[in-house]
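Novice: There's a structure below that I have some questions on.
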């Protein structure tokens, strides 16, 4: 079997397992308990924790089923020489948060330094920032469940088939659709237009997936991606809220606004995509030499 | 490096397993205590879920203390002259060996934290399924303990490496006893009132800005101290080897 055929076979098996092992319990829990009861309330934390490990389980099972072995499992920390990428993983979501905060202020409010310093005294800002940076990376083991599957396996199998740009787009969409049983019930984007919510989730996953893919490729490890994902899930972007000023309290955002507010992340994602493509071109040139 | 890591994992597999067990025990022992109550076990369990955070915090603290003791024991067996000379002759040398020791100790704290989180999720889910009650989350305290443990190991490990486990542990005990005596003396002379005020603020959750900032900064101090401790241990290792008993 050619390498591409083998990759395709493994990818299909992985996706079936990843979706099956997650969607079946998620849909069942949605029916049995109701989405907000099992997912949002925190009453069934163990179910939320375990069900998020579907993609990681799929990675393990696919490797076993196809006798692939554990070469390039991306489970090494690879700290040596890669600390800068770990640092990027830590701060990138906060940088996106700062850009989002400025975007909200300049679109819906007005720059008022007096209000900013009144709403966000230095101690409060420091407490939030330090607290988030100290605690969020520790929860990277939760996001490992996703990253070990998507970045640690899917991207590797997809890139030879679809190329880097294709992997970023199709991989991001698959990752976004994987969230659908939750998104359709109101996760992140409310219940008004659930299918638009799924599309927004796909866009969100494409843009953040690019940065996560860049981190994984640069370090050869899934752990920086786990840290960045954890920073995203556990308040890494909240630092930007301190820069919001002059926004009326009655302001209600529509899904179109949500799309517009995704702009900083999309821009940052595009920058990393360009970086990734440049590095790939450079590698090709060096290989030819 | 892989070989050294494999050796550490193989040699300390019992401690790694016990760390995971300590995490589960720290969360679930209070539940076991409730069901040891022969008169009204369910009522005790309800009480634990609704108002038992102090008891749960004590067990969590005990769990971290137990893991801390095991972390010190991971140095046992490697404090011999022969091993030190063999290590120095390795391609990765002293720094590689000390690095794996520090990584192992960090991993043990990590396993404890992950174990506590997972066990706490199980505890919360069980509590809601059985008694329809929400338990107070204690993970923020576990995170603080994780960093405090890192800070303590940052101080302890260079002593264990410089003087060996036996002498190093004795030095640790002497330092602890001295600290306790000093603390008692200062308390008797009324010089620790400020400390008790701070402690009171910490427990009641009504912290002033300076205290909350100090607590937020503590993790970064701990991580910095741990990295610095590794550098110091690398420098001390061969000097210490001269004093190892065997």
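Chains as they are written, first to last, in our numbering: chain A, 1344 to 1632; chain B, -2 to 243.
Heads up, the beta-carbon is just placed ideally off N, CA and C, and yes, glycines get one too.
1) Does DSSP classify residue 1420 (chain A) as helix, strand or coil?
2) Roughly how many angstroms lie between the CA atoms of residue 163 (chain B) and residue 110 (chain B), to the nearest whole one?
3) Among residues of its own chain, excluding the 5 on either side of residue 1565 (chain A), which ones have a beta-carbon nearer than 8 Å to its beta-carbon?
4) Report the residue from A:1532, A:1359, A:1441, A:1545 whose alpha carbon sits nearest the alpha carbon of residue 1598 (chain A).
5) Under three-state DSSP, which class holds residue 93 (chain B)?
6) Answer yes if the stretch 79 to 99 of chain B comes into contact with the stretch 190 to 198 of chain B, meaning at least three C-beta pairs across the two stretches below 8 Å, and no otherwise.
7) Any contact between the stretch 1523 to 1542 of chain A and the stretch 1592 to 1606 of chain A? By contact I mean 3 or more CB pairs, one from each, below 8 Å.
8) Cβ of residue 1550 (chain A) less than 8 Å from any chain B Cβ?
9) Could you tell me whether the stretch 1356 to 1373 of chain A touches the stretch 1399 to 1417 of chain A, using the rule of 3 or more Cβ pairs below 8 Å?
10) Starting from residue 1587 (chain A), follow the alpha helix (DSSP H) in both directions and report where the run begins and ends.
11) Can you tell me whether DSSP reads residue 1536 (chain A) as helix, strand or coil?
12) So is residue 150 (chain B) buried or exposed if we call it buried at 16+ other beta carbons inside 10 Å?
13) Alpha carbon to alpha carbon, how far is residue 1388 (chain A) from residue 1516 (chain A)?
14) Can you list, in chain order, the residues of the stretch 89 to 118 of chain B whose Cβ is nearer than 7 Å to any Cβ on chain C?
15) For residue 1413 (chain A), which of helix, strand or coil comes out of DSSP?
16) Excluding the five sequence neighbours on either side, which residues of its own chain have a C-beta within less than 6 Å of the C-beta of residue 1396 (chain A), listed in chain order?
17) Which residues, in chain order, does the stretch 1467 to 1496 of chain A contribute to contact with chain B at a C-beta distance below 7 Å?
18) Please check if any C-beta of chain A sits within less than 8 Å of the C-beta of residue 24 (chain B).
19) Just the Cα atoms here: how many angstroms apart are residue 1437 (chain A) and residue 1554 (chain A)?
20) Report the neighbours of residue 214 (chain B) on chain A: residues whose CB is nearer than 7 Å to its CB, in chain order.
21) List, in order along the chain, the chain B residues whose C-beta lies closer than 8 Å to that of residue 1386 (chain A)?
22) Examine chain A for any beta-carbon lying closer than 8 Å to the beta-carbon of residue 206 (chain B), and answer yes or no.
23) Is there a Cβ of chain A sitting closer than 8 Å to that of residue 181 (chain B), yes or no?
24) Consider the Cβ of residue 1390 (chain A): report whether some Cβ of chain B lies at a distance smaller than 8 Å.
25) Contact between the stretch 116 to 130 of chain B and the stretch 1377 to 1392 of chain A is defined here as three or more beta-carbon pairs at a separation below 8 Å; is this criterion met?
26) In chain order, which alpha helix (DSSP H) runs of at least 4 residues are fully inside the stretch 171 to 230 of chain B?
27) For the putative contact between residue 112 (chain B) and residue 21 (chain B), defined by C-beta atoms under 8 Å, what is the C-beta separation to the nearest angstrom?
Specialist: According to the structure shown:
1) Residue 1420 (chain A): coil per DSSP, three-state reduction.
2) Cα-Cα distance, rounded: 28 Å.
3) Only 1417, 1418, 1487, 1490, 1491, 1494, 1495, 1559 meet the Cβ criterion.
4) Comparing Cα positions, the closest option is A:1532.
5) Under the three-state reduction of DSSP output, residue 93 (chain B) falls in the helix class.
6) Taking 8 Å as the limit for Cβ pairs, the verdict is that the stretch 79 to 99 of chain B does not touch the stretch 190 to 198 of chain B.
7) With the cut-off at 8 Å, the stretch 1523 to 1542 of chain A and the stretch 1592 to 1606 of chain A touch.
8) Chain B places no beta carbon closer than 8 Å to that of residue 1550 (chain A), leaving this residue out of the contacts.
9) Note that the stretch 1356 to 1373 of chain A touches the stretch 1399 to 1417 of chain A; at least 3 beta-carbon pairs, one per stretch, sit closer than 8 Å.
10) Element bounds for residue 1587 (chain A): n/a, residue is neither H nor E.
11) The answer is coil: DSSP assigns residue 1536 (chain A) none of H, G, I, E or B.
12) Buried.
13) Computed Cα separation, rounded: 27 Å.
14) Absent from the structure is chain C; the protein chains it does hold are A and B.
15) Reduced to three states, the DSSP call for residue 1413 (chain A) is coil.
16) Cβ within range, chain order: 1488.
17) Listed by position along the chain: 1469, 1470, 1473, 1474, 1477, 1478, 1481, 1484.
18) Residue 24 (chain B) is outside the set of residues whose beta carbon lies under 8 Å from a beta carbon in chain A.
19) The C-alpha of residue 1437 (chain A) lies about 13 Å from the C-alpha of residue 1554 (chain A).
20) Residues of chain A with a Cβ closer than 7 Å to the Cβ of residue 214 (chain B) are, in chain order, 1473.
21) Chain B residues near residue 1386 (chain A): 121, 122, 125, 131.
22) At least one chain A Cβ lies under 8 Å of residue 206 (chain B).
23) Not an interface residue.
24) Closer than 8 Å: yes.
25) Touching, yes, given that three or more Cβ pairs across the two stretches are closer than 8 Å.
26) Given a length threshold of 4 residues, each whole run of the alpha helix (DSSP H) inside the stretch 171 to 230 of chain B is given here in chain order: 190 to 201.
27) Their Cβ separation, rounded to whole angstroms, is 6 Å, which keeps residue 112 (chain B) and residue 21 (chain B) in contact under 8 Å.
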